[in-house]
Amino acid sequence: MAELPYDQVRTLLAVVDEGTFDAAAAALHVTPSAVSQRVKTLEQRVGRVLVTRTKPVRPTESGQVVVRYARQLAVLERDARTELGIAAESDPARLPIAVNADSLATWFLPALTRVPRDPPVCFELHREDEAHTARLLREGQVMAAVTSSVEPVAGCTVRPLGLARYLPVASPPFVARHLSAGPLERRLPEAPLIVFDRRDELQDRFVRSLTPGGRGASRLRHHVPTSEGFRDAVAAGLGWGLVPEPQAEPLLRSGALTELAPGRRLDVPLYWQQWKLDVPALALVAETVATVAAESLHPQALSR
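Shown next, in the form of structure tokens:
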């Protein structure tokens, strides 16, 4: 069985995290040729290409396995140093976490503010759509993720957080201009809309729920890739959209937004997935996130 020397897997991790061989060399205080040689030797050991030589460097499918292993080793090493009392104060625990933009804009940051600060922790947040955050776990880029996937990533545990509720809303002038001349199920599929990015399918899902077998929402859509910008674009009348309930409610009360289908919502189940590692800092974060999620999200019925 081929061994995976720590200096080589650590170097591979640095290359992936820093994005280039030169940047990894600077971070490790070695020469670029030494970095290249270590990665090449590791690839020869496992008999597979581990990274693509692009800018930035990307791990291959096999490389993702080694990156995840290297990141776990780094966490275990730091925890051991802390327990032995030899960890440097300038080297706090670093927790890379993937989270979707709407959670980040509503309840997730308040959760992080409630995480105990002793021992100190540095959060490295990766913003990604909730349907795709699990990919970052598989690639070894993060230790935990808020995700809509109930299927655990290999080597991870999963726990339900709750339901993120979205309300279909638009500005009153937009409703008068685009949605007042007929039933909603006929007018909404033709109306301009706001989407987060090209992978955002929430609006299409809602339209199909109104018109089973329908074609989804209009192709006249504006891409606004921030949660706050999305809400503001809807309020400005650029299009209709599904806005997180905590962001929509103040604007509904003020009259800046109108609910398009009162009583109809779109609920997205959210889960917390994390590595199966005994990492005290990660355990603290997981418990705090679960507590705040229970306070902020709607209850999720558990299947038996």
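Each residue of the sequence shown is one higher than the one before, starting from 232 at the first, in our numbering. Where a beta carbon is used, it is the ideal one built from N, C-alpha and C, also for glycine.
Tell me whether residue i is buried or exposed, calling it buried when 16 or more other Cβ atoms sit within 10 Å of its Cβ.
i      : result
His237 : Here residue 237 is Tyr; the residue named in the question, His, does not match the sequence. Exposed, since its Cβ has fewer than 16 Cβ neighbours within 10 Å.
His260 : exposed
Arg535 : Because Arg535 sits at a pLDDT of 40, beneath the cut-off of 50, its placement in the model cannot be relied upon, and the following sentence gives the value as read from the coordinates. Label assigned to Arg535: exposed.
Cys387 : buried
Leu513 : buried
Ile317 : exposed
Asp185 : One cannot answer for residue 185 here, as it falls past the ends of the chain, which runs 232 to 535.
Pro290 : buried
Thr242 : buried
Ala532 : exposed
Leu244 : buried
Leu528 : buried
Arg462 : buried
Arg284 : exposed
List the whole-angstrom C-beta distance separating residue i from residue j, where the pair is believed to meet the contact cut-off of C-beta under 8 Å.
i      : j      : result
Val288 : Val246 : 5 Å
Leu398 : Arg496 : 6 Å
His357 : Pro327 : 6 Å
Ser449 : Ala422 : 6 Å
Arg366 : Ala521 : Not really, about 22 Å apart at Cβ, beyond 8 Å.
Ser485 : Ala332 : About 23 Å; that fails the 8 Å criterion.
Thr442 : Glu416 : 5 Å
May I have the straight-line CA-CA distance separating residue i from residue j, to the nearest angstrom?
i      : j      : result
Pro477 : Asp253 : 45 Å
Pro414 : Pro420 : 11 Å
Ala487 : Trp503 : 34 Å
Val523 : Ser334 : 11 Å
Arg369 : Pro263 : 28 Å
Ala258 : Ala301 : 16 Å
Thr489 : Gly470 : 12 Å
Gln372 : Thr364 : 10 Å
Val465 : Leu491 : 12 Å
Val240 : Val266 : 11 Å
Phe354 : Gly250 : 19 Å
Gly447 : Asp310 : 50 Å
Gln505 : Val298 : 16 Å
Pro456 : Val438 : 21 Å
Val330 : Phe339 : 8 Å
Ala255 : Gln275 : 20 Å
Arg325 : Val406 : 47 Å
Ala385 : Lys507 : 9 Å
Asp435 : Gly460 : 19 Å
Asp498 : Gly444 : 20 Å
Ala525 : Gly494 : 22 Å
Pro539 : Arg345 : Nothing can be reported for residue 539: it is not among the residues displayed for the chain, which extend from 232 to 535.
Ala517 : Arg312 : 22 Å
Arg185 : Leu315 : Residue 185 falls outside the range modelled here, since the chain spans only 232 to 535, and no answer is possible.
Pro511 : Pro383 : 21 Å
Leu451 : Lys286 : 34 Å
Met176 : Asp431 : Only positions 232 to 535 of the chain appear in this structure, which leaves residue 176 out of reach.
Lys271 : Pro341 : 44 Å
Arg279 : Asp248 : 20 Å
Val277 : Ala362 : 32 Å
Leu515 : Ala412 : 53 Å
Measure the Cβ-Cβ separation of residue i and residue j and say whether it is below 9 Å.
i      : j      : result
Arg429 : His453 : no
Leu304 : Ser293 : no
Thr337 : Pro500 : no
Leu235 : Leu273 : yes
Asp360 : Phe427 : yes
Gly468 : Arg396 : no
Ser519 : Leu343 : Residue 519 is actually Thr in this sequence, not Ser. A contact, by the Cβ cut-off of 9 Å.
Pro351 : Pro323 : yes
Leu424 : Arg418 : no
Leu433 : Leu483 : no
Any beta carbon of chain B sitting closer than 9 Å to that of residue i?
i      : result
Leu410 : In summary, chain B is missing from the structure at hand, where a single protein chain is found.
### the stretch 373–380 / the stretch 400–410 touching (three or more Cβ pairs under 8 Å)
no
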